[in-house]
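Just so you know, we're using the numbering used here here: the sequence shown kicks off at 547 and counts up by one.
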Amino acid sequence: MKIFIIDDELCIRAALSIYFSIEGHTTITASSVKEAEAIIERETFDAALVDFCIRDRKGTEIVRLIKEKRPDAEIIGMSGTEQGRTFNLAGADAFIRKPFNNKEILELINGK
């Protein structure tokens, strides 16, 4: 499975990328909405983890773009605050609140 991780915090992107790689998945990452937009245009992926607060805009903008360009991709919103409803309204399939453990997010992606 190819997983797209969008978060402006390097430690979160790196930790998730390493974890998913260990679990046998391929990852791509973006640290900004602008970078994410470019990747969405040129890459395919099975799932996306999208942070709510990204330095240049809101993660819900990315969710909407993914839904438009990659409608088959599963989208999981992430936030340190309660933003689940906001993500769901934007079209996300699930939401997880930070901090989370990696097993929880893997279970969401695997649909368990």
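Note that beta-carbon positions come from the ideal geometry of N, C-alpha and C, so glycine has one too. Remember, it's a predicted structure, so these values are computed and weren't measured experimentally.
query	result
Report yes if the C-beta distance between Phe566 and Ile549 is below 8 Å; otherwise report no.	yes
Who are the near neighbours of Gly623 in its chain, counting only those whose CB is closer than 6 Å to its CB and skipping five residues on each side?	Val596, Phe633, Ala638 and Phe641
According to DSSP, which residues form a beta bridge with Cys557?	DSSP lists no partner for Cys557.
Alpha carbon to alpha carbon, how far is Ile655 from Glu620?	7 Å
On the criterion of 16 or more Cβ atoms from any shown chain inside 10 Å, does Leu556 qualify as buried, or is it exposed?	exposed
Quick check: Arg559 and Thr575, are their CB atoms within less than 8 Å of each other?	yes
Could you spell out where the alpha helix (DSSP H) holding Phe646 opens and where it closes?	From DSSP, Phe646 is part of no alpha helix (DSSP H); its letter is neither H nor E.
According to DSSP, which residues form a beta bridge with Glu620?	Ala593
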